[in-house]
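S.K.:
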Amino acid sequence: MSDFDMELDARGLNCPLPILRAKKSINSMTVGQVLRITATDPGSVKDFEAFCQQTGNELLATTQEGGEYQFNIRKS
Amino acid sequence: MQTSLGFRDVHAYPPAYLSLSLAGVCVPVSYQKIWEDGFGARGWKLDVASTDPAIIASTRETGGRIPTSVLIHDLLDHLLSGFEISGHRAEAMALVQLGKRTGSDICRDYLQMVREDLIYGHVNHELLSTFLPQKLLANVPLDKYADGQGIIQALQVQFDEDELDEQLVQHFHDLGERGKEHAQDSWRLLGLKPSRCREIGLALQRVLTEVDQCVESKGIEQLNATFIINNEQCALEICNTAGSGLRKRYSSRVG
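Just so you know, the sequences run in chain order B and D. Mapping the first sequence onto our numbering, position 48 (from 1) lands on 48, and the numbers just tick up by one. Mapping the second sequence onto our numbering, position 138 (from 1) lands on 1138, and the numbers just tick up by one.
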């Protein structure tokens, strides 16, 4: 069983597009659901931290492997 | 909700958003290290868009297929082309300008808006029932399907997924075509040559790249500045450089 409810492929997108698309995805989810985002822009690490701090959504995990970043965000 | 056709008169903006001087077209912009706008991103916004909840700040970063940033898209393809800064109708028209300016294929951008917004019944600045063309709505009983999601559900009964995507993308293309003449007229009214749009975009990007690298490396919290654009040169003049370590003016030749 996967640990997320919806997945967003933001690979190849640079700031600010991963955040913009993540916000759209989260808007369509219900509270408590988890969005997994895969991105390649190194700036997205800082961006998603600030995004979660400002929106109150919970950044559950950030991982990096082979030039790709994965973020799990729980909608609050 | 009021229906907007997405057009703006470039001469009707207050000087705080867009003005003409002997040096060229002047467009005020603002920078913040963190925007308190529900996105929290670092970057720049046109002042005309600074309170628009749909607009996210942009850095110097360019797209994989596009050599200019989101800020330059907002500036050239929306504001100076005489389109609203946000809204799907305006975006359809602005993307035609982006495609012309950068040679990028805008079909995938249209498809993305279809799959991320329209398919959920969501359109910025107007109702889906006013946004969609009559030929698509002809067999949708609007008295029964009053909201956007209902309209999409009714369309999903009539068309399979691929067909509906195709119809909606075609509608974006049709809307985009409607803005071509207005965009050219808007550029000319501002004294800019539409044929120079690619070079002007690249010059603006060079200026933005230099300034954005500086403000990021210096950890600057907030700045106000003005882009000054003409057919030969693009510049960014910083309003208050005291203590920032920035120059007063950054510029790049067009072409």
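Note that the Cβ used here is the ideal one computed from N, Cα and C, for glycine as well.
#1: Anything in chain D within Cβ reach of residue 28(B), meaning under 7 Å, just list it in chain order.
#2: Our contact map puts residue 1076(D) next to residue 1101(D) with C-beta atoms below 8 Å; I'd like the distance itself, whole angstroms only.
#3: Strictly below 8 Å CB to CB, what residues from chain B border residue 1092(D)?
#4: Tell me the start and end of each unbroken alpha helix (DSSP H) in the stretch 1039-1107 of chain D that is at least 4 residues and wholly inside, in chain order.
#5: Within its chain, find whatever has a CB closer than 6 Å to the CB of residue 1154(D); leave out the 5 residues flanking it on each side and keep chain order.
#6: Is it right to say residue 1108(D) is buried, meaning 16 or more other beta carbons lie within 10 angstroms of its own, or is it exposed?
#7: Is there a Cβ from chain B that is less than 8 Å from the Cβ of residue 1152(D)?
#8: Note the first and the last residue of the continuous beta strand (DSSP E) segment covering residue 1229(D).
#9: Please classify residue 1091(D): is it buried, with 16 or more other beta-carbons within 10 angstroms of its beta-carbon, or exposed?
#10: Cβ of residue 57(B) less than 8 Å from any chain D Cβ?
#11: For chain D, check one thing: does any of its Cβ atoms lie closer than 8 Å to the Cβ of residue 19(B)?
#12: Should residue 1084(D) be labelled buried (16 or more other beta-carbon atoms within 10 Å of its own) or exposed?
#13: Taking Cβ-Cβ distances below 9 Å as the criterion, which residues of the stretch 1016-1046 of chain D are in contact with chain B?
#14: Hey, how far is the Cα of residue 1009(D) from the Cα of residue 1031(D)?
#15: What's the C-alpha gap between residue 1182(D) and residue 1159(D)?
#16: State the CB to CB distance for the pair residue 69(B) and residue 45(B), rounded to an integer number of angstroms; the pair is presumed to be in contact (CB under 8 Å).
#17: Report yes if the CB atom of residue 1251(D) is closer than 8 Å to the CB atom of residue 1220(D), and no otherwise.
#18: Bridge partners for residue 7(B) per DSSP, in chain order?
#19: According to DSSP, simplified to helix, strand and coil, what is residue 62(B)?
#20: Determine the direct distance from the alpha carbon of residue 12(B) to that of residue 1086(D), and round the result to whole angstroms.
M.R.: Taking the structure as given:
#1: Taking the first residue of the first sequence as 1, we reach residue 28(B) at position 28. Residues of chain D with a Cβ closer than 7 Å to the Cβ of residue 28(B) are, in chain order, 1120.
#2: By 1-based counting over the second sequence, the position of residue 1076(D) is 76. By 1-based counting over the second sequence, the position of residue 1101(D) is 101. About 7 Å; that satisfies the 8 Å criterion.
#3: Translated into the one-based positions of the second sequence, residue 1092(D) becomes position 92. Neighbours of residue 1092(D) on chain B: none; closest Cβ ~17 Å, over 8 Å.
#4: 1088-1102
#5: Taking the second sequence and counting its residues from 1, one reaches residue 1154(D) at position 154. For residue 1154(D), where only same-chain residues beyond five positions count, the Cβ hits under 6 Å are 1140 and 1145.
#6: Locating residue 1108(D) in the second sequence gives position 108, counting from the first residue. Around the CB of residue 1108(D), fewer than 16 other CB atoms lie within 10 Å, so the residue is classed as exposed.
#7: Reading the second sequence from its first residue, position 152 is the one you call residue 1152(D). Cβ-Cβ to chain B under 8 Å: no for residue 1152(D).
#8: Taking the second sequence and counting its residues from 1, the one referred to as residue 1229(D) is at position 229. Element bounds for residue 1229(D): 1222-1229.
#9: On the second sequence, residue 1091(D) is found 91 positions in, with the first residue counted as 1. Residue 1091(D) comes out buried.
#10: Within the first sequence, residue 57(B) is the residue found at index 57, counting from 1. For residue 57(B), the answer is no, since every Cβ of chain D falls outside 8 Å of its Cβ.
#11: Position 19 of the first sequence holds residue 19(B). True, the Cβ-Cβ gap to chain D drops below 8 Å.
#12: Looking up residue 1084(D) in the second sequence gives position 84. Buried, because 16 or more other Cβ atoms sit within 10 Å of the Cβ of residue 1084(D).
#13: 1034, 1035, 1036, 1037, 1038, 1039, 1040, 1041, 1042 and 1043
#14: Along the second sequence, read from residue 1 onward, the residue named residue 1009(D) stands at position 9. Along the second sequence, read from residue 1 onward, the residue named residue 1031(D) stands at position 31. Cα to Cα, residue 1009(D) sits roughly 26 Å from residue 1031(D).
#15: Along the second sequence, read from residue 1 onward, the residue named residue 1182(D) stands at position 182. Along the second sequence, read from residue 1 onward, the residue named residue 1159(D) stands at position 159. If you take the alpha carbons of residue 1182(D) and residue 1159(D), they lie about 33 Å apart.
#16: Working through the first sequence from its first residue, we reach residue 69(B) at position 69. Working through the first sequence from its first residue, we reach residue 45(B) at position 45. Indeed they touch by this definition, with Cβ atoms about 6 Å apart.
#17: Here the question's residue 1251(D) lines up with position 251 in the second sequence. Here the question's residue 1220(D) lines up with position 220 in the second sequence. Result no, Cβ atoms of residue 1251(D) and residue 1220(D) do not sit closer than 8 Å.
#18: Along the first sequence, one-based indexing puts residue 7(B) at 7. Paired residues: 36(B).
#19: The residue you call residue 62(B) lines up with position 62 of the first sequence. The answer is strand: DSSP assigns residue 62(B) an E or B state.
#20: Taking the second sequence and counting its residues from 1, one reaches residue 1086(D) at position 86. Taking the first sequence and counting its residues from 1, one reaches residue 12(B) at position 12. Whole-angstrom Cα-Cα distance: 23 Å.
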